Amino acid sequence: MKVLITGGAGFIGSTIASAFAERGVTPVVLDSLITGRQEFAKGKIFYQGDIGDGALLDEIFRDHPDIAVTVHCAALIVVPDSMADPHRYYQVNLARTLDLAGHLVRNGCDRMIFASTAGMYRPEADLSVSETSALEPQNPYTRSKMMAELLLEDFTRAYGLRVVSLRYLNPIGADPRMRTGLQSSKPTHALGKMIESYGQGVPFKITGVDWETRDGTAIRDYIHVWDIARAFSEAAARFDSVVPPVRPADRSSGYEVVNLGTGDGTTVRELVDAFREVVGDGFQVEEAPARPGDVVGAFVNPAKAWELLRWKPEYTIEDAIRHSLQWAERRRELDVA
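In UniProt numbering, the protein residues as written are 1 to 337.
Written as structure tokens, this is what we have:
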């Protein structure tokens, strides 16, 4: 069995590829290398190109007619960049997904697992989100993902494509075997800023301490990237039970949404405490006012993931921090080499 992974030379996609390979499934990687790294596809079947290139997709399926499912990870994902350049985000995340879906249907590949975001939900009063929470995306990135899901659902009704959308929030960590990790040396999430502050020997700033959370600091649902990769692997293994085949004439939807998360999230103070567990008490922090655009955050209820995929996170926040620190050192070695 083979699986096509778009964006398979990126942070998430490359980790998913390794998880499939460890399960005995052969990954076929398609990546433009605009943000991906070619070394992340080392040892795997690799095609460089755009997911909207129909001739290239036709070639891939001619070469590998045994591809059973497509994992669609190729996307732009940086929220501030989407605010500055929404045209590019809609072009890549929406228009290219439309092209890809058409190419898959034409080549008879009727299974897709879509890497999506739980950032499109409006959090409930307790800051949780579930598959039934209202959709209220706040920026071009999350809107582009929501709109891509809408078009994919239309494809399931019209053409018999079947889609499982996996929505999650804050991936952190790295491949535990240090094969791949974050491409960027300056990640913008809180853990990335902690690692940067720790390396520079300066205090980490907790921005905002009066949010309505259990300790006053913002909350995020950090999830280890390997746990995310395992979920994609489980979704592929259980695909036909999660989304049974449908007939286009029925006009029914072969679309299923499953959220991935921890169930309670992690506040910034809790992340600091976990970071100190790994690096020691010498790590210093200071409080600062919330920045313009900061939000209290949310966390994911993962009950459906357990019900359908028999999946729940296995790695702890401390594990993710340890792997992130190890990867930061590994990335420096790769960049020097």
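Cβ atoms here follow ideal geometry from the backbone N, Cα and C, with glycine treated the same way. Please read all numbers here as calculations on a predicted model, not as lab measurements.
So, is residue i buried or exposed, given that buried needs 16 or more other C-beta atoms within 10 angstroms?
| i | result |
| --- | --- |
| G293 | exposed |
| V202 | exposed |
| S321 | Going by the sequence as given, residue 321 is Ile instead of Ser. Result: buried. |
| T316 | exposed |
| S185 | exposed |
| R111 | buried |
| G282 | exposed |
| D240 | exposed |
| L166 | buried |
| A125 | exposed |
| W327 | buried |
| G10 | buried |
| E212 | exposed |
| W226 | buried |
| G199 | exposed |
| R62 | exposed |
| W306 | exposed |
For the alpha helix (DSSP H) containing residue i, list its first residue and its last residue.
| i | result |
| --- | --- |
| H87 | P86 to Y89 |
| D227 | V225 to A237 |
| S18 | F11 to E22 |
| A305 | A303 to L309 |
| A55 | G54 to D63 |
If you measure between the beta carbons of residue i and residue j, is that distance less than 8 Å?
| i | j | result |
| --- | --- | --- |
| V272 | V285 | yes |
| T207 | A274 | no |
| A231 | L260 | yes |
| L4 | L30 | yes |
| A101 | L152 | yes |
| Y168 | I77 | no |
| V174 | S14 | Looking at the sequence provided, one finds Ala at residue 174 rather than Val. No, they are not a contact pair. |
| V163 | G254 | yes |
Reducing DSSP to helix, strand and coil, say where residue i ends up.
| i | result |
| --- | --- |
| Q48 | strand |
| T267 | strand |
| V243 | coil |
| V296 | coil |
| N107 | coil |
| R220 | strand |
| L135 | strand |
| S324 | helix |
| S128 | strand |
| A75 | coil |
| A95 | helix |
| E333 | helix |
| E287 | strand |
Considering just the uninterrupted stretch of the beta strand (DSSP E) at residue i, what are its terminal residues?
| i | result |
| --- | --- |
| T117 | R111 to T117 |
| K205 | F204 to T207 |
| V71 | I67 to H72 |
| K145 | No beta strand (DSSP E) contains K145, which is instead part of the alpha helix (DSSP H) from P140 to Y159. |
| D31 | T26 to D31 |
| A41 | Run containing A41: none; DSSP gives neither H nor E here. |
| V3 | K2 to T6 |
| E212 | First-last for E212: undefined, no H or E at that position. |
| Y255 | Y255 to N259 |
Within the present structure, is the beta-carbon of residue i separated from the nearest heavy atom of the ligand NAD by less than 7 Å?
| i | result |
| --- | --- |
| D215 | No copy of the ligand NAD occurs in the structure displayed, which carries no ligand at all. |
Please give the ranges of any beta strand (DSSP E) in the segment 157 to 192, keeping only runs that are unbroken, at least 3 residues long and fully inside the region. 162 to 168 and 170 to 172
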